[in-house]
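Report on the structure given below.
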Amino acid sequence: MCYQLVERYSVCGCLYFQHAIDPCTAYGQRGHQVQEKTVLVGYACPRHSARRGSGSSYSSGR
Ligand SMILES: [Zn+2]
Ligand SMILES: [Zn+2]
4 MCYQLVERYS VCGCLYFQHA IDPCTAYGQR GHQVQEKTVL VGYACPRHSA RRGSGSSYSS
64 GR
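Shown next as structure tokens:
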């Protein structure tokens, strides 16, 4: 069974890093599937780790 390591943010679940497939001897055969191994990293991605409310740069003036 081939394995592919996929790292995801544990907080939001976004993709952090997708490693290359680690092929086994049966790699490339018909019906052969790649087992995905998910590894969680202990934080959120930059998009979801940005806190709301701290937007002091948001100017409401015209
Ligand atoms: Zn395999
Ligand atoms: Zn995210």
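Just so you know, we're using my numbering here: the sequence shown kicks off at 4 and counts up by one. Where is the CB? At the ideal position from N, CA and C, for every residue including glycine.
Candidates the options: closest to residue i by CA position
i	options	result
R50	Q36, L8, Y19	Y19
R11	G34, G45, A53, I24	G45
D25	R54, Y6, H35	Y6
Whole-angstrom C-beta distance between residue j and residue i, which should lie under 8 Å
i	j	result
Q38	M4	5 Å
Residue i versus residue j - alpha carbon distance
i	j	result
C27	T41	18 Å
L43	V9	8 Å
V14	A47	5 Å
A23	R54	32 Å
Beta-carbon proximity list for residue i, same chain, < 8 Å, skipping 5 on both sides
i	result
H35	C5, A29
Spatial neighbours of residue i in its chain, beta-carbon cut-off 6 Å, leaving aside the 5 residues before and after
i	result
G16	none
Which residues DSSP lists as bridging residue i, in chain order
i	result
T41	V9
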